[in-house]
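> Take this structure, written in structure tokens, and hold onto it; I'll ask about it next.
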Amino acid sequence: MTSGYKDLSITVEFRGGAELLFEKKKNELNLPGDEEWTLRRLLFWIRDNLLKDRPELFLLGDTVRPGILVLVNDEDWELLGQGEYKLKPRDTVLFISTLHGG
Amino acid sequence: MCSVNDAEFETDDELMQPDEVPQTEGAICKKCNENNAEVVLRVKDTYCSTCFLAASTHKFRATIGKSKLVRPTDSILIGHSGKAGSTVLLHLIKAGMSEAVHKRLMYKTTVLYVDDGAVLGQTVDQRKSTISAIREQVHGLGFTGYAVSLNESLHSSEPKIYPLDEEAEDLKGDSDVVDLFNAVSSYTSKEELLHKLRQKLLISVARSLGCCKVFTADGATDLAITILSNIALGRGAQLPLDVGFVDSRELDIKILRPMRDFTRKELIYYLNFHKLETIQTPGLTTKKEPYTSIQKLTEKFVTELNTEFSGTVSAIFRTGEKLSIGNLEASNLIETCALCRAQLDTVFTNTSSLQATEFSKLISAEGPKGNIGKAAFELKKFPCVIDAAENVPLRDSKNCDNCSCSKGKEKFEMSAKNFEKYLCYGCRLIFKDLDKQHSIPDFLQNSVRQRISLDDMREEIADFLL
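Read top to bottom, the protein sequences are chains U and H.
Taking my numbering, I'd label the letters of the first sequence as residues 95 to 196.
Taking my numbering, I'd label the letters of the second sequence as residues 2 to 467.
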């Protein structure tokens, strides 16, 4: 099982006030290649590893909270199948809050 | 006859279903049918960046053009906060000014940054660094401008502005405005007050700089939220002014909202495609519970509903657009609110909702032993009772020897009831949340004072008028 995937290095960035929930605005991540990484899995990984507090301000159910936009390599995640999108090496995932004051 | 059978909707699942997400994976742009799509709007419309940006520019120019209010040579003050809306606004105006553009914009523009950092709990150093970030950003977009502290909105004198280019002069703690905000107990009223003071400051700076129009960057999503929260806050009567394209409550200076057709998603993608950075400062209720203020709760409601039903924002927004102010001009003297300058909506008419509110307040204040029957009877005369009872002693205290010289004015003390008379319903609610020990801001006292002496004068000469 493990041999099928390599470690995955991606960039995750938070903007528009979403960065207030995290320590760093820009994060270079190296994700272990144990199994396939989808965006949904990344969301939960971010919640467990990067999020400082208040997960309800970032996630709602198994997706991002309404008002937060997700862009993968500057492309709308709605074009990529949202949570189903399979992350590729060197992808840049951008979370932008559109909510007033973040 | 309506053919829908009620019985069909017995369970929740059968009610309106959320939008189905159509397959948009790997889609190409709907407009040019060539490039790969990069953004999805309204759930199913896919655009590439080129077509999206062209559509945005067109939309912006159409919004301004349709109104026929802005003349090419107008001098315009742009309220800039460093956030998404105003950054896009500046960029669109700059792009429209370049030589290459057909029908290029020729406005004389001035950018104004309202420094409300003190109220948001920032230190002087934080505010300085925000101002210098704003300076960099405004420069990067090809503009110059001014900054002004929110504190200036509390005084009647001309606001002290300073150019963004100069190193920010020593910022004081702005204790007046901080004290005022600390004395307001609820976040709902704080947000309202902040908004009203900002608007007032924009108008007064525009006046002192000789600008005849003010551009603010409220987008469609913001306005949809404002529509619902303002109705909840008792500002329904001013809705067309607060959310329409033009706010004409001031006769000489109009506030325009050229970004009103842009949703927040569109703004963010515009910024992203142009690689523009915004300056993010936490607001009054950032990271607080959704129930902190009516505005925040409304924002949550609208954004959450909009993810399931993508038409929510535009449905609210378009409905708001159709509202207009009823013709209250029957009385030839239009009274305006001392704080927000909108037409007073506090005139009692039979069966007005204000009357119902006052009635309920009266009954509640009476307590179980109160004579409700009598109170209800007297309510019919409610407005006149207030007028007669509150005004007479006040006029005595104000006038010195029956003239309106300054000596008398110094002695003048603002009674809460009397002050309320010059506020609209929404602004009254703000001051209901104000600590009674805290004094009312200078500019309000002055304008109420002026209003009272005008009323007096009007009364004095009433007999001589035909």
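Yeah, the Cβ is synthetic: ideal placement off N, Cα and C, and Gly gets one too.
Source: prediction; values computed, not measured.
Can you find at least 3 beta carbon pairs, one from the segment 75 to 92 of chain H and one from the segment 258 to 269 of chain H, that sit closer than 8 angstroms?
yes
> When you compare the CB of H:R265 with every CB in chain U, is at least one pair closer than 7 angstroms?
yes
> Taking the alpha carbon of H:C33 as the reference point, which residue from H:T47, H:G27, H:Y426 and H:L42 has its own alpha carbon closest?
H:T47
> Only counting runs of 4 or more residues, tell me where the alpha helix (DSSP H) segments fall wholly within the segment 210 to 256 of chain H, in order along the chain.
221 to 233 and 240 to 244
> Whose C-alpha, out of H:T337, H:M260, H:P291 and H:D175, is nearest the C-alpha of H:Y423?
H:T337
> For H:Y423, report the span of its beta strand (DSSP E) as first-last.
Neither: H:Y423 is in no beta strand (DSSP E) and is coded neither H nor E.
> From H:L93 to H:N231, what distance separates their C-alpha atoms?
Per the coordinates, the alpha-carbon of H:L93 lies some 29 angstroms from the alpha-carbon of H:N231.
> Quick one: is H:M260 buried, meaning 16 or more other Cβ sit within 10 Å of its Cβ, or exposed?
buried
> Kindly list, in the order they appear in chain H, the residues whose Cβ is closer than 8 angstroms to that of U:R148.
K288
> Looking at the structure shown, is H:N400 part of a helix, part of a strand, or coil, going by DSSP?
Here H:N400 scores only 42 on pLDDT, less than 50, and its place in the model is too uncertain to base an answer on.
> I'd like to know whether the C-beta of U:D185 is nearer than 7 angstroms to at least one C-beta of chain H.
It does not: the Cβ of U:D185 has no partner Cβ on chain H nearer than 7 angstroms.
> Could you tell me whether the segment 456 to 464 of chain H touches the segment 224 to 239 of chain H, where touching means 3 or more Cβ pairs closer than 8 angstroms?
no
> For the beta strand (DSSP E) containing H:A148, list its first residue and its last residue.
Start and end: G146 to S150.
> CA-CA distance, U:D177 and H:T189?
A small fix is needed here, since residue 177 of chain U is Gly in this sequence, not Asp. Going from the Cα of U:G177 to the Cα of H:T189 covers about 36 angstroms.
> Which partner residues of H:Y108 appear in the DSSP bridge assignment?
Answer by DSSP bridge pairing: none, since H:Y108 is not bridged.
> Could you check which residue in H:L257, H:M98, H:K301 and H:T279 has the C-alpha nearest to that of U:E150?
H:K301
> Which residues does DSSP pair with H:H81 in a beta bridge?
H:Y114
> For U:I190 and chain H, any beta-carbon pair shorter than 7 angstroms?
yes
> Would you mind telling me which residues of chain H sit closer than 7 angstroms to U:D170, beta carbon to beta carbon, in chain order?
Residues of chain H whose Cβ lies closer than 7 angstroms to the Cβ of U:D170 are, in chain order, E39, V40 and V41.
> What residues from chain H crowd round U:G161, counting only those whose CB sits closer than 7 angstroms?
T304
> Which residue marks the beginning of the alpha helix (DSSP H) containing H:D177, and which one marks its end?
S176 to A184
> By DSSP, does H:T320 sit in helix, in strand, or in coil?
helix
> Would you please state the rounded distance, in angstroms, between the beta carbons of H:A119 and H:V179? I believe it to be under 8 angstroms.
The C-beta separation of H:A119 from H:V179 comes to about 5 angstroms, placing the pair in contact by the 8 angstroms criterion.
> When you compare only the Cα positions, how much space is there between H:R136 and H:V449?
H:R136 and H:V449: Cα-Cα distance of roughly 37 angstroms.
> Using C-beta distances below 8 angstroms, list every residue in its chain close to U:K146, excluding the 5 sequence neighbours before and after it, in chain order.
L115, F116 and E117
> What does the Cβ neighbour count give for H:Y292, buried or exposed, with the cut at 16 atoms within 10 Å?
exposed
> Using CA atoms only, rank isn't needed, just tell me which of H:R105, H:K161, H:M98 and H:G83 is closest to U:H194.
H:G83
> Per the DSSP calculation, U:G106 is bridged to which residue(s)?
Reading the sequence as shown, one finds Val at residue 106 of chain U and not Gly. U:N121 and U:V187.
> If you count every other CB in all the chains shown that lies within 10 Å of the CB of H:G146, and 16 or more means buried, which is it?
buried
> Mind checking the segment 269 to 282 of chain H against chain U and listing, in chain order, the residues whose C-beta falls within less than 8 angstroms of any C-beta there?
I269, Y270, N273, F274, T279, Q281 and T282
> Have a look at the DSSP bridge pairing and note the partners of U:E169.
U:V166
> Do H:V115 and H:L165 come within 7 angstroms of each other at the CB atom, strictly closer than that value?
no
> What does DSSP give as the partner residue(s) for U:K180 in the beta ladder?
U:T132
> For H:V41, name the three-state secondary structure that DSSP assigns.
strand
> Here's a check: name, in chain order, each residue in its chain whose Cβ is nearer than 7 angstroms to the Cβ of U:L153, leaving out the five neighbours to either side.
L137, R141 and R159
> Could you have a look at U:L153 and say whether DSSP puts it in helix, strand or coil?
strand
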